[in-house]
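Undergrad: For reference, the structure I am asking about is given below.
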Amino acid sequence: MKNYLAETASQTAGPYVHIGLAPQAAGFNIFEKNFSHVLTNSHTQGERIIVEGRVFDGSGTPVRDVLLEVWQANAAGRYNHPADGQTDKALDEDFRGWGRTCSDFDSGVWRFDTIKPGAVIGRDGRVMAPHLNLWIVARGINIGLNTRMYFSDEQAANETDPVLNLIEWEVRRNTLIGKREQRGNEVVYTFDIYLQGERETVFFDV
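Given below as structure tokens:
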């Protein structure tokens with residue numbers, strides 16, 4: 001007769017998320033090189049943009065201890081990863097395309113300083129509109145949530161994007177669009193994420 005081990009109990013992400021993954025946000029300086037919300041340096045190619053927003057729970061209350069990661073293509077539309085086969089597009093050695101940030105503990109606002117990505121050729125050969133891939137984790141979320149942010153000024157590309165078109169209700173596609181505005185010399189895209197409720201953001205199984 002076989003003996004089966006009992007499943008380990010699950011637990012939502014707790015305060016250790018900040019201490020282990022983004023210690024500076026929790027007031028700890030324990031890593032020689034901290035992961036940052038700034039993805040660029042002075043040599044990075046592409047249009048500089050700021051992406052910011054808040055994460056709201058089902059009651060409409062901002063979540064003030066959320067952690068987000070971003071993964072994106074460079075300005076030419078190529079990922080800095082060996083699995084990206086778009087060898088006709090140039091790599092940017094000054095752009096890794098990955099970053100990590102935490103929401104502000106008071107306002108709940110999170111932010112990435114990055115560049116606007118180019119269009120990407122998907123595995124099936126179809127063109128995907130410029131987008132950011134986002135991963136969200138916080139207390140109350142057992143498994144990290146995956147979503148995308150598309151750009152409001154890329155309407156034509158968005159209309160033909162194969163992933164956006166998988167969403168049957170067109171009104172739900174709007175939950176994945178970051179709104180562009182000019183603030184002085186800065187280009188800012190605002191992208192609020194709703195975990196539940198009438199305005200719930202579309203999340204993906206990946």
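As numbered in the UniProt record's numbering, residues 1 to 206 make up the sequence shown, in order.
Glycine residues also receive a C-beta, built at the ideal position from the N, C-alpha and C atoms.
Buried or exposed: where does Val206 fall if 16 or more other Cβ atoms within 10 Å of its Cβ makes it buried?
TA: The residue is exposed, with fewer than 16 neighbouring Cβ atoms inside 10 Å.
Undergrad: What do you get for Ser107, buried or exposed, if any count of 16 or more other CB atoms within 10 angstroms of its CB means buried?
TA: exposed
Undergrad: Is it a yes or a no for the region 152-162 touching the region 85-98, going by three-plus beta-carbon pairs under 8 angstroms?
TA: no
Undergrad: Which stretch, first to last residue, makes up the alpha helix (DSSP H) that contains Asn158?
TA: From DSSP, the alpha helix (DSSP H) with Asn158 extends over 155-159.
Undergrad: Can you give me the start and stop residues for the beta strand (DSSP E) that Glu181 sits inside?
TA: 177-183
Undergrad: Apart from the five residues just before and just after Trp135, which ones in its own chain have a Cβ nearer than 6 angstroms to its Cβ?
TA: Glu69, Gly144, Asn146
Undergrad: Hey, out of His43, Gly125, Asn133, whose CA is closest to Leu91's CA?
TA: His43
Undergrad: What are the partner residues of Trp110, as DSSP defines its beta bridges?
TA: Gly53
Undergrad: From which residue to which residue does the alpha helix (DSSP H) around Glu47 run?
TA: Careful: Glu47 lies outside any alpha helix (DSSP H) and carries neither H nor E.
Undergrad: Assuming the contact rule is C-beta atoms closer than 8 angstroms, Ile115 and Ile49 should be a hit. Round their C-beta distance to whole Å, please.
TA: 6 angstroms
Undergrad: Anyone know if the C-beta pair for Val109 and Arg54 falls short of 8 angstroms?
TA: yes
Undergrad: Output the distance between the C-alpha atoms of Phe95 and Ala129, rounded to the nearest integer angstrom.
TA: 19 angstroms
Undergrad: Are the CB atoms of Asp192 and Phe35 nearer to each other than 8 angstroms?
TA: no
Undergrad: Span of the alpha helix (DSSP H) holding Arg78?
TA: Where Arg78 is concerned, there is no enclosing alpha helix (DSSP H), given that its DSSP letter is neither H nor E.
Undergrad: Quick one: residues in its chain with C-beta nearer than 6 angstroms to the C-beta of Leu195, no 5 flanking neighbours on either side, listed in chain order?
TA: Asp57
Undergrad: Helix, strand or coil for residue 211 per DSSP?
TA: No statement about residue 211 is possible, as the shown extent of the chain runs from 1 to 206 and does not include it.
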